[in-house]
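Taken in sequence, the protein lines are chains U, X and C.
Heads up, the first sequence is in my numbering, so the first residue is -12 and it goes up one at a time.
Heads up, the second sequence is in my numbering, so the first residue is -12 and it goes up one at a time.
Heads up, the third sequence is in my numbering, so the first residue is -12 and it goes up one at a time.
To start, the structure itself, in structure tokens.
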Amino acid sequence: MKRGTPNAYRLGEIVARLGGDIIGDADLVVTQVAPLEHARADQVTFIASVKYRGKLQQSAAGAVIVGPSERDSTDKPRIVCTNPYAYFARVSALFNPMPIAEPGIHPSAVVDSSAIVPASASIGAFVFIGEGVELGENVVISPGCHLGDNVVLGEDSFLYPQVVIYHDCMIGSRAILHSGVVIGADGFGLAQDEGRWVKIPQIGRVVIGDDVEIGANTTVDRGAMEDTVIGDGVKLDNQIQVAHNVHIGDHSAMAGCVGIAGSARIGKHCTVGGAGMILGHLEIVDNVNISSGTLITKSIKKAGTYTSAMPFSSHPDWLKNAAHLRHLDDMAEKMRLLEQRIIELERKKS
Amino acid sequence: MKRGTPNAYRLGEIVARLGGDIIGDADLVVTQVAPLEHARADQVTFIASVKYRGKLQQSAAGAVIVGPSERDSTDKPRIVCTNPYAYFARVSALFNPMPIAEPGIHPSAVVDSSAIVPASASIGAFVFIGEGVELGENVVISPGCHLGDNVVLGEDSFLYPQVVIYHDCMIGSRAILHSGVVIGADGFGLAQDEGRWVKIPQIGRVVIGDDVEIGANTTVDRGAMEDTVIGDGVKLDNQIQVAHNVHIGDHSAMAGCVGIAGSARIGKHCTVGGAGMILGHLEIVDNVNISSGTLITKSIKKAGTYTSAMPFSSHPDWLKNAAHLRHLDDMAEKMRLLEQRIIELERKKS
Amino acid sequence: MKRGTPNAYRLGEIVARLGGDIIGDADLVVTQVAPLEHARADQVTFIASVKYRGKLQQSAAGAVIVGPSERDSTDKPRIVCTNPYAYFARVSALFNPMPIAEPGIHPSAVVDSSAIVPASASIGAFVFIGEGVELGENVVISPGCHLGDNVVLGEDSFLYPQVVIYHDCMIGSRAILHSGVVIGADGFGLAQDEGRWVKIPQIGRVVIGDDVEIGANTTVDRGAMEDTVIGDGVKLDNQIQVAHNVHIGDHSAMAGCVGIAGSARIGKHCTVGGAGMILGHLEIVDNVNISSGTLITKSIKKAGTYTSAMPFSSHPDWLKNAAHLRHLDDMAEKMRLLEQRIIELERKKS
């Protein structure tokens, strides 16, 4: 695995590749990205908000990426662009490309003879590739990965070590799957029968679009009868559970520890904060943001931000207040009765 | 791994195997199960509730499994039985049996010479099997699994790729363990000593009954001094954490992302919804249902359903309401004072 | 892997090694630790609190570890010490040492020629060790582990099967990492650009101190530009997610299913109960205890215990009370109006 020395780039070369305007020395050479506080003279940083203007003054960074509003807030050589944070991400990708794996199949790998493995693919040690698997050009399958029968994986996809993909699942191009990801395990399909659980075979697949990244130890279950579907450009963080038959729309993103129950349908361009939980058989429209720690119990039909988190407090304060949570109905009833007594008093008064 | 072409069955053959009554053409051949909306003429579907009667009218399914109440709600060939959903599960298992793995030991597997491995067992590539392991007939150990010393695994059990079972753990017959499952890791046993943590060796085991299924990336810790015990017929979904010394009673089921803290004792026939959390050292009787997102903080002595979820709302509404959660005690006190003033007014009145 | 028969120790030998005073027969031989209820005559137990004094009377244990206050509450041979629970942990470690793995490299392991692997190290089957890896003396790398390029792992560290450590991460001495742990996967770093997510390369590392234990399937992400840092003596349970750039102070401990969002800074000697969630970009001082199921949404500047859990109740009671949670603001407003009417009545009265 070659991670290669980061190259050095002149600001002019960066702008030639990624657009934007240079103010100051276009020949300045930078070798890496760095945060405002710790950037050195041979590094480039960025500010995405006016509130970091103060820190920018003190930064030792050689160059900075700024938005139009910060065009003149520094004397440093700078690149002006409309979205400094996204621009910065692209500059960082120039300096820090995905590692390059040597093409070829490690002698310890077990690859079924029916699998399609392009010469450009890199298959690591202890990899198992089942019957009928189809790999795209330049895929990297790191050591210890398991691809079940008939898995399809699109070009330029990168599997970190010890990813498991069950049989028949399909993953698009440029996927990044981190270690411990399990795609296509059986959904939790059970029928009750006289106090015992009868397993319902899970015969759907997982179908994942292009440009999807899935974090470490995240699980996406196969569909019960139809497919679990993850759209293009979806980004899932670590330790997420996506249950059977869920649909996640294009370009939605979910932070760590999220759970999505069976048959939920999440729209496009949604976000779910850490540990958000979405119950099953409900529908969430496009452009919905679920706050961290929020439990969604019914469909959401209108774009916007939704929250259910209980505010924390010191434990003694919590004890005092939480006791009333079990008596809110009594409290409301008591208030109704007080009002009646007030009405009675008012009536007598008049 | 052979998943085999689904067989075709005549309705009459299905009923001969699984019971129930046929109304209509017993010679109709079906080849797969499918949901109401998408079933074709060569497929069998089911309805478990009268509310789907309308969809049944429109379904193209060749046959349908119905309960007694829906006996006459369609003209299609149908199987009438008492529990259509469980019946459907069994029909699906006819069409979609567990995959059949070739018996034998893959040449890359490392199997200790003291291990008992029946000729009917299938041991995949890169499997590690320690000293004194005992495998039952027909077990399938998929590639990359690890069975520590003295593990016992009952007949017909199926381990998907990359399951880890630590030393001395015992698992019954017909278990299904999905990828990333870790059985028998150390429980979180620590003693405080002058601000430092001293590890308490975890010397118990995990003992799991028959007919247990455990979902991807779920972890079950070994007992501290005695065993962690999971009863017969228990079903655990993905990403669940079962801590040391927990007991889970027979035929209980838990959805994804559940956490059970140390030494909790869960009864039989319980269910826990997604992301439910159960604290340690408490007892839950049989037939308790914990709702999704609910935190159980003390023992439950009576069967029934229990809930603690905070309802969600739009973020602006939440902001308005949540602020009061930290002041419920003030609110209750204020109400008490208002009532006193009303009493005073009423006293003066009379 | 040798777990070895537990040795027998005379009480006198134990005290010679670990300190404390013996009352009674110093030559009594014990062979294992056990809980009060089930200890036998050749086993040693402990009581950490006066409330177990009754159980101690009935215990068949041969010997007991007690604190000064329980010095005379039994006739059994006993060891008196200041912290019986921590003492018990150390006695248990005498009887149950970490397993001893044979030094050497399993022939199936793939170890880069540039890696530093001491002769005392044990490298299991199917292990992958990348370029420039440095292992300390006596490390145990169990089967199926993956150490990416330039990983550094301190002496006496023990990796259970199927741990993944990404490139460049550093782990101190005496670490214990359980199966399914993933150290150094990419953090969730994304920039929005016209409705699409642009990946921000994660170029920091994970740097972990000495004496750290990490539970099964826990994930610790590498830093975005700088490092994710875990201090000395930190203990993490199973299924925890630690996001990029998090700092966890020395000797803090976190129970199962906890999530720590990006750039959170947790102090020393903190604890987080099961399923606690800590949002990103906030700071928690030393000696803070977060209760189970609690969501921390802003910095905590004062040591103490903090809680946000919603109390559970039977589902019908919950339905009754939860409905009001969405109307607390109305309720407060109503109370204000009632008070005004009371004031009016009082005014008229006087």
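In this text, a Cβ means the ideal position worked out from N, Cα and C, and glycines have one as well.
Here the structure is a predicted model, which means the values were calculated and not measured.
task: Less than 8 Å between the CB atoms is what I'm expecting for residue 238 of chain U and residue 256 of chain U, so what's the real figure, rounded?
output: In the first sequence, residue 238 of chain U corresponds to position 251, counting from 1. In the first sequence, residue 256 of chain U corresponds to position 269, counting from 1. Right, their Cβ atoms sit about 5 Å apart.
field: Selected residue, minimal CA-CA separation from residue 74 of chain U, among C:131, C:41, C:28 and C:181
entry: Start at 1 with the first residue of the first sequence, and residue 74 of chain U comes out as number 87. Nearest C-alpha to residue 74 of chain U: C:181.
query: If you pair each beta-carbon of the stretch 216 to 227 of chain U with each one of the stretch 29 to 49 of chain X, do three or more pairs fall below 8 Å?
result: no
- prompt: Roughly how many whole angstroms lie between the Cα atoms of residue 164 of chain X and residue 302 of chain U?
  reply: One-based indexing of the second sequence puts residue 164 of chain X at position 177. One-based indexing of the first sequence puts residue 302 of chain U at position 315. When rounded, the distance between both Cα atoms is 40 Å.
- prompt: Cβ of residue 341 of chain U less than 8 Å from any chain C Cβ?
  reply: As displayed, chain U neither begins before -12 nor continues past 337, which places residue 341 of chain U out of reach and without an answer.
query: the stretch 84 to 115 of chain X: which residues have C-beta closer than 9 Å to a C-beta of chain U, in chain order?
result: 84, 85, 86, 93, 95, 111, 112 and 113
- prompt: Nearest-angstrom Cα distance between residue 17 of chain U and residue 84 of chain U?
  reply: On the first sequence, residue 17 of chain U is found 30 positions in, with the first residue counted as 1. On the first sequence, residue 84 of chain U is found 97 positions in, with the first residue counted as 1. Cα to Cα, residue 17 of chain U sits roughly 16 Å from residue 84 of chain U.
task: In angstroms with no decimal places, state the Cα-to-Cα distance between residue 149 of chain X and residue 105 of chain C.
output: The sequence position of residue 149 of chain X within the second sequence is 162, counting from 1. The sequence position of residue 105 of chain C within the third sequence is 118, counting from 1. Rounded to whole angstroms, residue 149 of chain X to residue 105 of chain C spans 28 Å at the Cα level.
message: Does residue 11 of chain C come out as helix, strand or coil in the three-state DSSP assignment?
response: As a first step, residue 11 of chain C must be located in the third sequence, where it is residue number 24. Of the three classes helix, strand and coil, the one that applies to residue 11 of chain C here is coil, per DSSP.
- prompt: For residue 35 of chain C, which of C:72, C:88 and C:228 has the nearest alpha-carbon?
  reply: Within the third sequence, numbered from 1, the residue matching residue 35 of chain C stands at position 48. Measuring from the Cα of residue 35 of chain C, the nearest candidate turns out to be C:72.
- request: Could you tell me which residues DSSP pairs with residue 246 of chain X in its beta bridges?
  value: Here residue 246 of chain X refers to the residue found at position 259 when the second sequence is read from its first residue. In DSSP, residue 246 of chain X forms a bridge with X:228 and X:264.
message: Applying the 10 Å Cβ sphere with the 16-neighbour rule, what's the burial state of residue 308 of chain U?
response: Reading the first sequence from its first residue, position 321 is the one you call residue 308 of chain U. By the neighbour-count rule (16 or more Cβ atoms within 10 Å), residue 308 of chain U is buried.
Identity of the residues DSSP links to residue 157 of chain C by a beta bridge: As a working note, residue 157 of chain C is residue 170 in the third sequence. DSSP, once it has assigned bridges, lists C:139 and C:194 as partnering residue 157 of chain C.
query: How many Å lie between residue -2 of chain C and residue 77 of chain C at the Cα?
result: The sequence position of residue -2 of chain C within the third sequence is 11, counting from 1. The sequence position of residue 77 of chain C within the third sequence is 90, counting from 1. In a straight line, the C-alpha of residue -2 of chain C is about 13 Å away from that of residue 77 of chain C.
task: Report yes if the C-beta of residue 128 of chain X is less than 7 Å from at least one heavy atom of the ligand FAD; otherwise report no.
output: Inclusion of the ligand FAD in the displayed structure is not the case, the ligand content being empty and no account of it being possible.
- prompt: Quick one: what's residue 252 of chain C bridged to in DSSP?
  reply: Taking the third sequence and counting its residues from 1, the one referred to as residue 252 of chain C is at position 265. According to DSSP, residue 252 of chain C bridges with C:234 and C:270.
message: So, at 6 Å on beta carbons, what are the nonlocal neighbours of residue 8 of chain C in its own chain, with the 5 sequence-adjacent residues on each side left out?
response: Here residue 8 of chain C corresponds to residue number 21 of the third sequence, with the count starting at 1. Hits under 6 Å: 67.
- request: Tell me whether the beta-carbon of residue 128 of chain U lies closer than 8 Å to the beta-carbon of residue 111 of chain U.
  value: The count along the first sequence starts at 1 and reaches residue 128 of chain U at position 141. The count along the first sequence starts at 1 and reaches residue 111 of chain U at position 124. Yes, they are a contact pair.
message: Strictly under 8 Å for the Cβ-Cβ distance: is residue 323 of chain U near chain X by that measure?
response: The residue given as residue 323 of chain U occupies position 336 in the first sequence. Output row for residue 323 of chain U: interface = no.
- prompt: How about residue 347 of chain X and residue 178 of chain X: do their beta carbons lie closer than 8 Å?
  reply: Limits of chain X in this structure are -12 at one end and 337 at the other, which puts residue 347 of chain X out of reach.
message: Against residue 119 of chain X, what residues of chain C qualify as contacts under a CB-to-CB distance less than 8 Å, listed in chain order?
response: As a working mapping, residue 119 of chain X is identified with position 132 in the second sequence. By Cβ distance, chain C contributes nothing, its closest Cβ being about 11 Å from residue 119 of chain X, past 8 Å.
- request: Leaving aside the five residues before and after residue 201 of chain X along the sequence, list all residues of the same chain whose C-beta is less than 6 Å from its C-beta, in chain order.
  value: Taking the second sequence and counting its residues from 1, one reaches residue 201 of chain X at position 214. The answer, listed in chain order, is 164, 168 and 223.
message: According to DSSP, residue -11 of chain C sits in a beta bridge with which residue or residues?
response: As a working note, residue -11 of chain C is residue 2 in the third sequence. Paired residue(s): C:87.
- request: Output, in chain order, the set of chain U residues within a Cβ distance shorter than 8 Å of residue 313 of chain X.
  value: Locating residue 313 of chain X in the second sequence gives position 326, counting from the first residue. Correct list: 298, 300, 304 and 308.
Residue from X:292, X:245, X:271 and X:203 whose Cα sits closest to the Cα of residue 285 of chain X: Position 298 of the second sequence, counting from 1, holds the residue named residue 285 of chain X. Closest option to residue 285 of chain X, Cα to Cα, is X:271.
field: Classification of residue 59 of chain U by the beta-carbon crowding that lies within 10 angstroms, buried from 16 upward
entry: Counting from 1 along the first sequence, the entry for residue 59 of chain U is found at position 72. Answer is exposed; the Cβ neighbour count stays below 16.
8 Å contact criterion, which residue 280 of chain U and residue 282 of chain C should meet: CB distance rounded: On the first sequence, residue 280 of chain U is found 293 positions in, with the first residue counted as 1. On the third sequence, residue 282 of chain C is found 295 positions in, with the first residue counted as 1. Rounded, the Cβ-Cβ distance is 4 Å, consistent with contact.
Within chain X, the residues that residue 188 of chain C reaches when beta carbons sit closer than 7 Å: Residue 188 of chain C sits at position 201 when you count from the first residue of the third sequence. Result: empty, since nearest Cβ-Cβ is about 26 Å, beyond 7 Å.
query: Taking one C-beta from the stretch 50 to 59 of chain U and one from the stretch 238 to 255 of chain C each time, how about it: are there three or more such pairs within less than 8 Å?
result: no
field: Assigned exposure category for residue 62 of chain C - 16 Cβ within 10 Å defines buried
entry: Along the third sequence, read from residue 1 onward, the residue named residue 62 of chain C stands at position 75. The residue in question, residue 62 of chain C, is exposed, as its Cβ has fewer than 16 Cβ neighbours within 10 Å.
field: Cβ pair residue 197 of chain X, residue 252 of chain X closer than 8 Å
entry: Position 210 of the second sequence, counting from 1, holds the residue named residue 197 of chain X. Position 265 of the second sequence, counting from 1, holds the residue named residue 252 of chain X. Not closer than 8 Å, so no.
- request: Tell me whether residue 310 of chain U is buried or exposed, calling it buried when 16 or more other Cβ atoms sit within 10 Å of its Cβ.
  value: As a first step, residue 310 of chain U is located in the first sequence; it is residue number 323 there, counting from the start. Under this definition residue 310 of chain U is an exposed residue.
message: Counting only Cβ pairs nearer than 9 Å, list the residues of chain X close to residue -4 of chain C.
response: By 1-based counting over the third sequence, the position of residue -4 of chain C is 9. Chain X residues near residue -4 of chain C: none, gap ~15 Å exceeds 9 Å.
- request: Using a Cβ-Cβ cut-off of less than 9 Å, give me the residues of the stretch 124 to 149 of chain U that come near chain C, in sequence order.
  value: 129, 130, 131, 147, 148 and 149
message: Residues of chain U with CB closer than 7 Å to the CB of residue 182 of chain C, please, in chain order.
response: For the purposes of this step, residue 182 of chain C is taken as the residue at position 195 of the third sequence. Here the neighbours are 238 and 256.
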